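Using numbering that gives the first Met the number 0, count along the sequence shown one by one with no gaps and you end on 153. All C-beta atoms in this analysis are idealised placements derived from N, C-alpha and C, irrespective of residue type, glycine included. No experiment lies behind these values; they were computed from the predicted model shown. Have a look at the structure below before the remarks.
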Amino acid sequence: MKQPPQKPPSPARLSAADYELLADFRYALRRFAVFSEGAAASLDLMPQQHQALLAIKGCRQGAPGRRGLYVGEIAERLLIRPHTAAELVGRLARLDLVSREADPADGRRVEVVLTAKAERMLEDLSASHLEELRAMRPLLTRLLARIGEEPGGS
0 MKQPPQKPPS PARLSAADYE LLADFRYALR RFAVFSEGAA ASLDLMPQQH
50 QALLAIKGCR QGAPGRRGLY VGEIAERLLI RPHTAAELVG RLARLDLVSR
100 EADPADGRRV EVVLTAKAER MLEDLSASHL EELRAMRPLL TRLLARIGEE
150 PGGS
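Right, here's the structure in full:
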């Protein structure tokens, strides 16, 4: 499992505006996460299952002929251990959301591929997520612009 980056050194002094920015940004992230968790739950998916499906659909590593991801790649994208990713893939397979297929380039490897059922679920989920992000865009744009400001500016 990849470890999060080490904590960078803190600036000498944070302003009240810095704390407000961090609080507002964390709030926006959490608001989106809660939306996402609820949308997944409405389809009887756990958030991690939804994230795995999205990783498979959206991150094909750009290799020709690839239709899915390997378990290790899923682990990397979800920041979990490979063993945990393998268990997650097993649960998704039992729900008929993924299948395991021999890699056409290397038959010893197995790709995890979305089923038609998962494709339909993910299309609905992704459309609602993009709609939510578009609604949050003004807030996110303001927050990101504030990150680029000089310390003490607001």
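Query raised in the report: According to the neighbour-count rule (16 or more other Cβ atoms, all chains shown, within 10 Å of its Cβ), is LEU42 buried or exposed?
Result: Position 43 of the sequence shown, counting from 1, holds the residue named residue 42. LEU42 comes out exposed.
**Report entry** Same chain only: Cβ atoms within 8 angstroms of VAL108, ignoring 5 sequence neighbours per side
**Finding:** Counting from 1 along the sequence shown, the entry for residue 108 is found at position 109. The amino acid occupying residue 108 in the given sequence is Arg; Val does not appear at that position. When the five nearest sequence neighbours on each side are left out, the beta carbons in the same chain lying within less than 8 angstroms of the beta carbon of ARG108 are those of TYR69, ALA101 and ASP102, in order along the chain.
Query raised in the report: Is it right to say ARG136 is buried, meaning 16 or more other beta carbons lie within 10 angstroms of its own, or is it exposed?
Result: If you number the sequence shown from 1, residue 136 lands on position 137. Exposed.
Query raised in the report: Does DSSP classify ALA27 as helix, strand or coil?
Result: The residue labelled residue 27 in the question sits at position 28 within the sequence shown. In the structure shown, ALA27 falls within a helical segment according to DSSP collapsed to helix, strand and coil.
Query - Bridge-paired residues (DSSP) for LEU113 - result: Start at 1 with the first residue of the sequence shown, and residue 113 comes out as number 114. DSSP, once it has assigned bridges, lists VAL97 as partnering LEU113.
Report task. Using the Cα positions of TYR18 and GLN50, report the straight-line distance between them to the nearest angstrom. Result -> In the sequence shown, counting from the first residue as 1, residue 18 sits at position 19. In the sequence shown, counting from the first residue as 1, residue 50 sits at position 51. Going by the C-alpha atoms only, they are around 29 angstroms apart.
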